[in-house]
Amino acid sequence: MSDVDPHNMGYPRPDWRQMVAPVRPADLAVVPLVALVVLTGGLTAFGVRLFERAVDALFRLGYGLLPAWLGAAGAPAWLAFLLFPAALGLVHAAVVRFVPPADRHHAIPLVILARARREGRIPPVTTLLKSAAAILTLGAGGSLGREGPVVLLGSGIGSALGQAVRVRADWRNALVTAGAAAAIATAFHAPITGAFFAMEIVLVQFTARSFALAALGATVAAVLSNYLTGQPPFPIPAYSVQDPWQVPLFTGLGLCVAPLSRLYIAAIFGGDEAGRHLVRLSPGLRAALGGVLFGLVGLALPGTLGPGLATIQDALGGRLPLLTIAALLGGKLLAIAVTSGGGWTGGTFTPALFLGAMGGGLYGHLAALAFPGLAIQPGAYAVVGMAAMIAGATQAPLTALALIFEITRDYRIALPAMLACGVAAVLSQRINPYSVDTLHLPEQGILLPWQLHDLREVKVGEVMTRGVHVVREDMDLKAVVDLMHRTRHGGYPVVDGAGRLTGMITLEDVRDVPVKGRLSTPVTRAMSRKLVAVTPDQSVAEAALLMAHHGVGRLPVVAADDQTRLVGILTRTDILRAYPTLRDDLGAG
Numbered sequence: 234m235s236d237v238d239p240h241n242m243g244y245p246r247p248d249w250r251q252m253v254a255p256v257r258p259a260d261l262a263v264v265p266l267v268a269l270v271v272l273t274g275g276l277t278a279f280g281v282r283l284f285e286r287a288v289d290a291l292f293r294l295g296y297g298l299l300p301a302w303l304g305a306a307g308a309p310a311w312l313a314f315l316l317f318p319a320a321l322g323l324v325h326a327a328v329v330r331f332v333p334p335a336d337r338h339h340a341i342p343l344v345i346l347a348r349a350r351r352e353g354r355i356p357p358v359t360t361l362l363k364s365a366a367a368i369l370t371l372g373a374g375g376s377l378g379r380e381g382p383v384v385l386l387g388s389g390i391g392s393a394l395g396q397a398v399r400v401r402a403d404w405r406n407a408l409v410t411a412g413a414a415a416a417i418a419t420a421f422h423a424p425i426t427g428a429f430f431a432m433e434i435v436l437v438q439f440t441a442r443s444f445a446l447a448a449l450g451a452t453v454a455a456v457l458s459n460y461l462t463g464q465p466p467f468p469i470p471a472y473s474v475q476d477p478w479q480v481p482l483f484t485g486l487g488l489c490v491a492p493l494s495r496l497y498i499a500a501i502f503g504g505d506e507a508g509r510h511l512v513r514l515s516p517g518l519r520a521a522l523g524g525v526l527f528g529l530v531g532l533a534l535p536g537t538l539g540p541g542l543a544t545i546q547d548a549l550g551g552r553l554p555l556l557t558i559a560a561l562l563g564g565k566l567l568a569i570a571v572t573s574g575g576g577w578t579g580g581t582f583t584p585a586l587f588l589g590a591m592g593g594g595l596y597g598h599l600a601a602l603a604f605p606g607l608a609i610q611p612g613a614y615a616v617v618g619m620a621a622m623i624a625g626a627t628q629a630p631l632t633a634l635a636l637i638f639e640i641t642r643d644y645r646i647a648l649p650a651m652l653a654c655g656v657a658a659v660l661s662q663r664i665n666p667y668s669v670d671t672l673h674l675p676e677q678g679i680l681l682p683w684q685l686h687d688l689r690e691v692k693v694g695e696v697m698t699r700g701v702h703v704v705r706e707d708m709d710l711k712a713v714v715d716l717m718h719r720t721r722h723g724g725y726p727v728v729d730g731a732g733r734l735t736g737m738i739t740l741e742d743v744r745d746v747p748v749k750g751r752l753s754t755p756v757t758r759a760m761s762r763k764l765v766a767v768t769p770d771q772s773v774a775e776a777a778l779l780m781a782h783h784g785v786g787r788l789p790v791v792a793a794d795d796q797t798r799l800v801g802i803l804t805r806t807d808i809l810r811a812y813p814t815l816r817d818d819l820g821a822g
């Protein structure tokens with residue numbers, strides 16, 4: 234019998250006997266990695282629970298015991314809302330000071346950076362210090378999230394294990410990813426959500442093997458987390474949306490949540506930038522001032538303090554009136570901005586949940602007033618709004634849907650959530666391609682998969698430089714050198730008296746002229762008349778190949794119908810700059 238299948242393009246026919254072949258010792262090499270993933274999941278579950286208990290204890294101290302002590306001492310109890318976060322702000326700044334400067338990013342971007350650029354290495358001191366700083370932030374009532382810090386904690390545990398046993402880089406990366414998935418699974422008792430979170434947000438390049446190991450770590454953590462606590466942070470009522478007339482309303486909710494998600498991202502990063510540039514204070518005083526400001530917001534709206542899980546629960550249950558929800562939505566955005574402006578440490582996931590629940594609840598109340606004939610439940614819209622907000626802010630719709638499904642255990646609310654999440658994610662990405670977790674990654678030199686455009690689809694005319702400095706044939710090399718000093722360019726097209734393109738002159742051409750008499754040499758004696766040019770309708774891929782083949786760094790762009798009419802110039806910088814600037818056009822479809 235032939236080993237080649239004639240109907241299979243000449244490839245060898247699969248041998249079914251391989252399916253029952255005995256396991257070889259080399260096949261068991263992955264067993265230690267699986268064991269490390271299981272250990273990472275277990276340790277992450279314990280670490281996340283300790284983190285949460287520390288936050289709860291600190292929060293109770295500041296907003297439970299301290300007001301009682303002040304009242305007993307004859308002082309106003311409301312002073313606790315100012316003194317406590319201000320004091321912890323000074324401690325927070327002292328802790329952050331010892332974080333290595335290269336690791337002073339937000340938590341999830343730091344995990345992505347560790348996978349993409351550092352072979353899965355996260356310094357243990359960074360994990361410990363940033364976890365301590367996040368505990369101080371959340372315990373003080375700062376309006377940032379816990380999921381980012383616990384993701385760093387889980388990934389840091391995986392990285393530390395990988396470094397301790399000296400595994401290779403791809404194994405360390407797998408442990409980092411598994412730790413991130415385990416952290417989310419522990420926080421929400423949701424292993425599927427943890428696995429999707431790792432796939433959509435942490436994995437710069439998705440592989441089935443990495444996803445399987447992340448799912449294993451998430452499952453171990455979720456099982457252990459259920460044993461330790463037994464319930465998710467905010468159980469969601471099971472809503473049933475059976476009226477088909479509400480489908481357009483859920484579409485509208487997605488359309489409304491998308492700009493809210495961008496406003497949320499602006500509050501975080503805009504607040505941080507304003508704090509660094511507008512407030513000329515030491516880090517300690519800056520954090521203390523931020524603490525006083527979010528304490529004042531919390532004094533007026535206590536539900537904005539900290540993660541606000543109880544307030545989220547009230548919104549999901551439909552127990553908050555319209556005006557209260559509106560006040561909490563605006564107050565939380567303000568609290569997020571001043572917390573970030575104070576330089577405090579925290580995540581971005583929980584605030585998105587809070588804003589999504591309030592935004593969805595507000596939308597549901599307004600829809601109930603506008604359409605009294607429909608059986609609209611504002612709590613159901615709060616649930617869907619929460620999912621849509623996660624999809625819009627993180628651009629991870631699968632994570633958002635998995636979270637809702639795992640917490641509700643009811644696919645009926647997951648269907649309108651799927652609609653709203655899809656709309657919010659697409660519109661949010663159209664407004665701005667970067668999510669709350671990837672906004673600053675380009676500054677670290679990390680290109681995400683959607684940034685790796687097919688240059689065959691990009692035309693030269695879309696990215697070329699139109700305002701071109703040219704050299705005339707009647708100039709001498711002294712004028713060319715002066716032009717190079719002024720513009721800092723290394724080459725120019727050469728045109729004749731009628732403005733027709735006749736050649737190129739570069740710094741190398743100038744240097745090839747003997748030093749004696751160089752500056753008085755006419756351009757026509759130094760220039761190259763062997764033109765390599767492109768037209769605006771050619772692809773950037775073609776142009777890049779021409780540059781590589783001829784060893785040049787720039788190409789003149791000429792009109793398709795006239796090879797002597799110069800319309801622009803294409804440089805390597807133009808090609809590189811095309812990645813961030815063309816994303817809006819290429820990602821729209």
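Using the numbering used here, read the sequence shown as starting at 234 and increasing by one per residue. Even for Gly, the Cβ is constructed at its ideal location relative to N, Cα and C. Since we're looking at a predicted model, the values are computed, not measured.
When the beta-carbon positions are compared, L660 and A491 come within less than 8 Å of each other. Shortest Cα-Cα distance from I417 to any of V358, E285, W404 and L514 involves E285. Listed in chain order, the non-local C-beta contacts of L298 below 6 Å within the same chain number zero, local neighbours out to five positions each way being set aside. M622 is positioned such that its CB atom lies closer than 8 Å to that of A585. Under a 10 Å Cβ-count criterion, S388 is classified as buried, with 16 or more other Cβ atoms of the shown protein chains found around its own Cβ.
Taking T273 as reference, the option from A397, G503 and G412 with the minimal CA-CA separation is G412. The stretch 730 to 740 makes no contact with the stretch 661 to 672; the number of CB pairs closer than 8 Å stays below 3. Taking R552 as the centre and dropping the five residues before and after it, the same chain places no C-beta closer than 6 Å to its C-beta.
Taking a C-beta distance under 8 Å as the contact criterion, G723 and G784 do not qualify as a contact pair.
If you look at T572, you'll find it in the alpha helix (DSSP H) that goes L555 to G574. For the set L561, T632, F502 and A590, the Cα lying nearest the Cα of G574 is the one of F502. The distance from the Cβ of P726 to that of L799 is about 6 Å, consistent with a contact at the 8 Å cut-off.
Nearest to P357 by alpha-carbon distance, out of D336, R379, G589 and V435, is D336. Proximity to V288 across P334, P265 and R379 peaks at R379, based on C-alpha coordinates.
Residue nearest to G655 within the set C489, P516 and A319 is C489 (criterion: CA-CA distance).
For V474, the closest C-alpha among the options V790, G391 and Q610 is that of Q610. According to DSSP, residue pairing for G580 in a beta bridge involves G378. For K692, the secondary structure class from DSSP, reduced to helix, strand or coil, is strand. Cα atoms of T370 and S376: separation of roughly 8 Å, rounded to the nearest angstrom. Approximately 5 Å separates the beta-carbon atoms of A414 and G450; this is inside 8 Å, confirming the contact. Put simply, the backbone Cα of F421 is about 8 Å away from that of L636. Annotated three-state conformation of D547 is helix, per DSSP. Only exposed fits P333, as fewer than 16 other CB atoms lie within 10 angstroms of its CB.
The Cβ atoms of P769 and V703 do not sit closer than 8 Å to each other. Only buried fits K363, as 16 or more other CB atoms lie within 10 angstroms of its CB. A residue is called buried when at least 16 other Cβ atoms come within 10 angstroms of its Cβ; L511 does not meet this threshold and is exposed. For L607, same chain residues with a beta-carbon under 7 Å away, outside a window of 5 residues either side, are D476, W478 and Q479 in chain order. When DSSP states are grouped into helix, strand and coil, D709 belongs to the strand group. Taking 8 Å as the upper bound for CB-CB distance, F292 and G374 are in contact here, some 7 Å apart.
For G736, the uninterrupted beta strand (DSSP E) run begins and ends at L734 to T739, by DSSP. Between W311 and L556, the C-beta spacing is not below 8 Å. The Cβ-Cβ distance between G523 and G275 does not fall below 8 Å. Looking only at V409, L461 and S458, the smallest Cα-Cα distance to F444 is reached by V409. Per DSSP, A792 lies in no alpha helix (DSSP H) segment; the continuous beta strand (DSSP E) that holds it begins and ends at R787 to A792. In this structure the stretch 541 to 548 does not touch the stretch 338 to 349; the number of beta carbon pairs closer than 8 Å is below three. G297 sits in a helix when the DSSP states are folded into three classes.
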